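Q: FYI, numbering that gives the first Met the number 0 numbers position 294 of the sequence shown as 293, with every residue one higher than the one before it.
Ideal Cβ positions, reconstructed from N, Cα and C, are used throughout, including at glycine.
Note that the structure is predicted; figures quoted are calculated from it, not measured.
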Amino acid sequence: MKERMNSLWTLFQERKLSRRTFVKSCVALTAVLGLPPTMLDTVVKAAETKELPTVVWLHGHECTGCDESFIRSTSPFASDVILNMIALEYDDTLAAASGEPLEHHLKEIVANKSGKYILAVEGGVPLDENGVYCSVGGRPFVEVLKECAAGASAIIEYGSCAAWGGIQAAKPNPTNTVSVSSVVSGVPIIKVPGCPPIPEVMTGVIMHYALFGEIPPLDIQGRPKQFYGNRIHDTCYRRAFFDSGLFVEKFDDDASKAGWCLYKVGCRGPETYNSCGNLRWWNGLSYPIQSGHGCIGCSEKDFWDNDNFYKRLPDIPMANTITNADTVGTIAGFAATGAVVAHGALTLAKNKYEDLKEEKRLKEAGLWNETMNKNNHHDGGND
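Quick look at the structure:
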């Protein structure tokens with residue numbers, strides 16, 4: 000493969016692009032990474048000096064949907080990330096090479112760049128029958144994963160299969176498929192769940208590590224806070240209908256046509272953490288709730304086994320009581336709003352407690368740094 004440029008700024012110079020264009024790109028990256036404007040100088044400095052990172056991308060038990068999502072990123076474009084911002088040395092789906100030459104190249108990268116590459120993993124890890132249910136190059140995927148993970152500087156679990164086991168881990172889980180973190184330890188791991196994850200979230204996470212050389216601030220489950228810090232419910236454009244107790248009862252009723260809240264037809268937005276309501280899909284065009292279908296919670300653990308997708312959440316937790324959606328729909332708007340505020344207060348308190356636990360864990364592991372501390376002051380205390 001061709002020799003890579005030393006840094007993003009070096010690349011811009013080689014292509015005879017202006018300093019203004021470079022700074023504008025850094026502004027866009029700062030926004031995509033969910034960083035405050037005050038971090039722009041830090042991003043510019045990192046883009047000037049940081050060496051482009053080597054990335055090894057493995058595929059396990061999965062459908063390749065995460066790759067399909069990744070290549071549709073527009074901020075930044077996936078082509079820019081792959082060709083200009085990282086050195087993607089191995090991805091058996093995107094690589095031009097194949098077969099034994101590609102597998103030989105993977106072994107060379109793992110041997111010669113130990114501790115200097117990011118390992119991106121897409122797919123779950125089947126363990127039954129010595130891992131025979133998923134093989135790569137004639138070897139069980141679990142063996143390839145452990146071998147590559149041993150020399151990785153960090154691991155990114157792309158998609159709910161890598162993060163939680165995926166659909167193939169659904170009960171009764173006949174292949175005993177597990178998450179990457181269930182097999183690998185001793186390496187910083189970033190979970191980027193979703194089925195698949197949002198394209199810009201995928202590129203944003205890898206660019207954060209590329210620029211700063213460290214994992215982004217994570218919530219208690221190991222997800223980047225800038226992308227998984229809010230519930231979909233909190234940023235949903237239908238939230239006003241929920242607060243007013245106006246719900247769709249079935250998909251072909253007048254309420255559905257009017258765009259009312261989808262909570263009663265199974266929407267899991269109130270319990271799902273993701274950026275769908277902010278970033279959306281297809282360059283910000285739409286997302287499932289906007290298309291008229293409730294959130295199925297695809298970024299949450301075991302979402303495939305968490306009851307019927309079209310059965311509403313049973314309760315809305317509030318202070319010292321349990322109120323269901325029917326009650327919220329019949330009480331006055333003032334009371335409904337008060338209930339949501341109470342629920343929000345409880346959620347905020349819970350998230351703050353989890354933040355403190357996560358901070359303690361990172362400090363004990365020696366992974367806490369000032370960049371995380373600064374970002375925690377800008378995330379509003381959310382998970």
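(1) Measuring alpha carbon to alpha carbon, tell me which residue in P173, K310, K23 is nearest E248.
(2) Go ahead and pull the three-state DSSP assignment for H232.
(3) Can you list, in chain order, the residues of its chain whose CB lies under 6 angstroms from that of G277, leaving out five sequence neighbours each side?
(4) Run the CB neighbour count on E363, radius 10 Å, all protein chains shown included, and call it buried at 16 or more, exposed below.
(5) Should P171 be labelled buried (16 or more other beta-carbon atoms within 10 Å of its own) or exposed?
(6) If you run the structure through DSSP and keep just helix, strand and coil, what is C65?
(7) Can you tell me the Cα-Cα spacing of G228 and E99, whole angstroms?
(8) Around the C-beta of T271, are 16 or more other C-beta atoms found within 10 angstroms, so that it is buried, or is it exposed?
(9) Between V120 and Y157, how many whole angstroms is the CB-CB distance? I'm expecting something under 8 angstroms.
(10) Work out the CA separation of D66 and G203 for me, nearest whole Å.
(11) Should G212 go down as buried or exposed, given a rule of 16 or more other Cβ atoms within 10 Å for buried?
(12) Short of 6 angstroms in beta carbon distance, which residues of its chain neighbour S255, apart from the five on each side in sequence? Order them along the chain.
(13) Quick check: the Cα distance between A324 and C275, rounded to an integer number of angstroms?
(14) Within the chosen definition, does the stretch 279-291 reach the stretch 149-166 through at least 3 CB pairs nearer than 8 angstroms?
(15) Opposite A119 in the DSSP bridges: which residues?
(16) Cβ of H60 within 8 angstroms of Cβ of G136?
(17) Excluding the 5 residues flanking Y132 on each side, which residues of the same chain have their C-beta closer than 6 angstroms to its C-beta?
(18) On the criterion of 16 or more Cβ atoms from any shown chain inside 10 Å, does T329 qualify as buried, or is it exposed?
(19) State the start and end residues of the unbroken alpha helix (DSSP H) segment that holds L87.
(20) Using three-state DSSP, classify R138 as helix, strand or coil.
(21) Give a yes or no on contact between the stretch 89-104 and the stretch 47-59, applying the rule of three or more CB pairs nearer than 8 angstroms.
(22) For G45, does the count of other Cβ atoms within 10 angstroms reach 16, so buried, or fall short, so exposed?
(23) Specify, as a first and last residue, the run of the alpha helix (DSSP H) that I108 falls within.
(24) From this set, A169, S298, H207, which residue's C-alpha is nearest M84's C-alpha?
(25) DSSP on Y272, reduced to helix/strand/coil?
(26) DSSP puts I189 in a beta bridge; with which residues?
(27) Tell me whether A199 is buried or exposed, calling it buried when 16 or more other Cβ atoms sit within 10 Å of its Cβ.
(28) Which class does L217 belong to by DSSP, given the choice of helix, strand or coil?
A: Looking at the atomic coordinates:
(1) Sequence index remark: in the sequence shown, residue 248 carries index 249 (1-based). Comparing alpha-carbon positions, the option among P173, K310, K23 lying closest to E248 turns out to be K310.
(2) The count along the sequence shown starts at 1 and reaches residue 232 at position 233. In the three-state reduction of the DSSP assignment, H232 falls in the helix class.
(3) The residue labelled residue 277 in the question sits at position 278 within the sequence shown. Looking at the sequence itself, residue 277 is Asn, so the reference to Gly does not match. Excluding positions up to five away in sequence, the list reads T234.
(4) Here residue 363 corresponds to residue number 364 of the sequence shown, with the count starting at 1. Around the beta carbon of E363, fewer than 16 other beta carbons sit within 10 angstroms, so the residue counts as exposed.
(5) Taking the first residue of the sequence shown as position 1, residue 171 is located at position 172. Exposed, because fewer than 16 other Cβ atoms sit within 10 Å of the Cβ of P171.
(6) Walking along the sequence shown from the start, residue 65 turns up at place 66. C65 falls in the helix class under three-state DSSP.
(7) Locating residue 228 in the sequence shown gives position 229, counting from the first residue. Locating residue 99 in the sequence shown gives position 100, counting from the first residue. Using only the alpha carbons, I get a separation of about 42 angstroms.
(8) Mapped onto the sequence shown, residue 271 falls at position 272. In the assembly as shown, T271 is a buried residue. Its beta-carbon has 16 or more other beta-carbons within 10 Å.
(9) Taking the first residue of the sequence shown as position 1, residue 120 is located at position 121. Taking the first residue of the sequence shown as position 1, residue 157 is located at position 158. Indeed they touch by this definition, with Cβ atoms about 7 angstroms apart.
(10) Translated into the one-based positions of the sequence shown, residue 203 becomes position 204. Translated into the one-based positions of the sequence shown, residue 66 becomes position 67. In this structure, the alpha-carbon of G203 lies about 14 angstroms from that of D66.
(11) Here residue 212 is taken as the residue at index 213 of the sequence shown, counted from 1. Around the CB of G212, fewer than 16 other CB atoms lie within 10 Å, so the residue is classed as exposed.
(12) Along the sequence shown, one-based indexing puts residue 255 at 256. V247, listed in sequence order.
(13) Here the question's residue 324 lines up with position 325 in the sequence shown. Here the question's residue 275 lines up with position 276 in the sequence shown. For A324, the predicted model reports a pLDDT of 38, less than 50, meaning its position is unreliable and no value from the coordinates is stated.
(14) Short answer: they don't touch.
(15) The residue labelled residue 119 in the question sits at position 120 within the sequence shown. DSSP, once it has assigned bridges, lists W56, I155 as partnering A119.
(16) For this step, residue 60 is matched to residue 61 along the sequence shown. For this step, residue 136 is matched to residue 137 along the sequence shown. Not in contact: H60 and G136 (Cβ atoms no closer than 8 angstroms).
(17) Taking the first residue of the sequence shown as 1, we reach residue 132 at position 133. Within its own chain, the residues whose Cβ lies closer than 6 angstroms to the Cβ of Y132, once the five positions on either side in sequence are excluded, are P125, T174, listed in chain order.
(18) Here residue 329 refers to the residue found at position 330 when the sequence shown is read from its first residue. Only weak support exists for where T329 lies, its pLDDT of 45 falling under 50; the coordinates are left without a value.
(19) In the sequence shown, residue 87 corresponds to position 88, counting from 1. First-last for L87: 86-90, but that is the beta strand (DSSP E), not the alpha helix (DSSP H).
(20) Against the sequence shown, residue 138 aligns to sequence position 139. DSSP places R138 within a strand segment (E or B) once states are collapsed to three.
(21) Verdict: yes, contact present.
(22) Walking along the sequence shown from the start, residue 45 turns up at place 46. The question names Gly, yet the displayed sequence has Ala at residue 45. Its Cβ being crowded by 16 or more others within 10 Å, A45 is buried.
(23) Against the sequence shown, residue 108 aligns to sequence position 109. Element bounds for I108: 98-111.
(24) The residue you call residue 84 lines up with position 85 of the sequence shown. Distances from the CA of M84 to each of A169, S298, H207 were compared; the closest alpha carbon is that of H207.
(25) To locate residue 272, count along the sequence shown from 1; it is residue 273. Residue state for Y272 is assigned as strand, using DSSP reduced to three classes.
(26) Within the sequence shown, numbered from 1, the residue matching residue 189 stands at position 190. I189 is bridged to I155.
(27) Numbered from its first residue, the sequence shown carries residue 199 at position 200. Sequence inspection shows Glu at residue 199; the Ala mentioned does not correspond to that position. Buried: at least 16 other Cβ atoms inside 10 Å.
(28) The residue labelled residue 217 in the question sits at position 218 within the sequence shown. Three-state DSSP puts L217 in a strand.
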